[in-house]
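Participant: Numbering-wise, UniProt numbering puts 4 at position 4 of the sequence shown, and it's gapless, one number per residue. Cβ coordinates follow ideal geometry from the N, Cα and C atoms, glycine included. These numbers were taken from a predicted model, which means no experiment stands behind them.
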Amino acid sequence: MEITFKIKRFNELSTAELYSLLQLRSEVFVVEQNCVYQDIDGKDEKAIHVLGYYNNELAAYSRIFNKGYYFDEASIGRVIVSPKYRDKKFGHDLMRVSMNAIKENFNETTITISAQEYLKKFYESHGFIQTSEMYLEDDIPHIQMKKN
1 MEITFKIKRF
11 NELSTAELYS
21 LLQLRSEVFV
31 VEQNCVYQDI
41 DGKDEKAIHV
51 LGYYNNELAA
61 YSRIFNKGYY
71 FDEASIGRVI
81 VSPKYRDKKF
91 GHDLMRVSMN
101 AIKENFNETT
111 ITISAQEYLK
121 KFYESHGFIQ
131 TSEMYLEDDI
141 PHIQMKKN
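Written as structure tokens, this is what we have:
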């Protein structure tokens with residue numbers, strides 16, 4: 001069985017889908033990473049949401065933005081794979097689908113991300129290069145990365 005993706009605007013998300021994505025983000029970004037921060041940041045309504053399902057369960061997620069909203073370029077954020085599915089390497093599928101969704105929805109190929117520093121090699125494997133020094137975002141080391 002493979003992961004299957006749905007790409008939806010905020011107003012297309014069902015209540016169950018929204019609950020699942022917020023639950024997954026909280027599980028990883030708040031609880032697992034022990035980081036108290038405002039995950040519900042008022043940007044979800046402007047994003048397109050990339051939801052990856054495995055065994056009818058949300059296993060991977062990201063949100064994408066057109067250029068000028070988050071960065072000067074299009075962007076991918078909240079990249080996440082459920083801890084119980086990390087052994088399946090769904091992060092690579094998620095990035096490919098997210099980058100393709102940016103091309104299809106915004107006709108953009110230049111993408112900027114704010115990446116957790118420890119994931120630098122993962123993002124480099126998808127063509128991103130580091131474009132900033134390390135900075136702290138919610139007390140977690142991050143770097144800006146760009147793909148042209």
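Compute the beta-carbon to beta-carbon distance between D39 and V30, rounded to the nearest angstrom, for a pair I have assumed lies under 8 Å.
Facilitator: 6 Å
Participant: Helix, strand or coil: which one does DSSP assign to L21?
Facilitator: helix
Participant: Any idea if G127 is buried or exposed, counting beta-carbon neighbours within 10 angstroms, 16 or more meaning buried?
Facilitator: exposed
Participant: Buried or exposed: where does L9 fall if 16 or more other Cβ atoms within 10 Å of its Cβ makes it buried?
Facilitator: One detail in the question is off: residue 9 reads as Arg in this sequence, not Leu. Counting Cβ neighbours within 10 Å, R9 comes out exposed, since fewer than 16 surround it.
Participant: So is M99 buried or exposed if we call it buried at 16+ other beta carbons inside 10 Å?
Facilitator: buried
Participant: Between A101 and I48, how many whole angstroms is the CB-CB distance? I'm expecting something under 8 Å.
Facilitator: 6 Å
Participant: Are the stretch 52 to 61 and the stretch 109 to 123 in contact at 8 Å, needing three or more beta carbon pairs?
Facilitator: no
Participant: Check for me: the alpha helix (DSSP H) holding G42 runs from which residue to which?
Facilitator: Counting along the chain, G42 falls outside any alpha helix (DSSP H), and DSSP gives it neither H nor E.
Participant: At which residues does the beta strand (DSSP E) containing L94 begin and terminate?
Facilitator: It is not in any beta strand (DSSP E) - L94 instead sits in the alpha helix (DSSP H) that spans F90 to F106.
Participant: G68: buried (16+ other C-beta within 10 angstroms of its C-beta) or exposed?
Facilitator: exposed
Participant: Tell me the residue span of the beta strand (DSSP E) that contains E137.
Facilitator: Y135 to E137
Participant: My output table needs one value for E73: the three-state DSSP class, helix, strand or coil.
Facilitator: coil
Participant: Which residues bound the alpha helix (DSSP H) around N6?
Facilitator: Reading off the sequence shown, one finds Lys at residue 6, where the question assumed Asn. Element bounds for K6: not the alpha helix (DSSP H) but the beta strand (DSSP E), T4 to R9.
Participant: With respect to the beta strand (DSSP E) encompassing Y61, which residues constitute its N-terminal and C-terminal limits?
Facilitator: E57 to F65
Participant: Just tell me which of L22, N107 and V81 has its CA closest to the CA of S75.
Facilitator: N107
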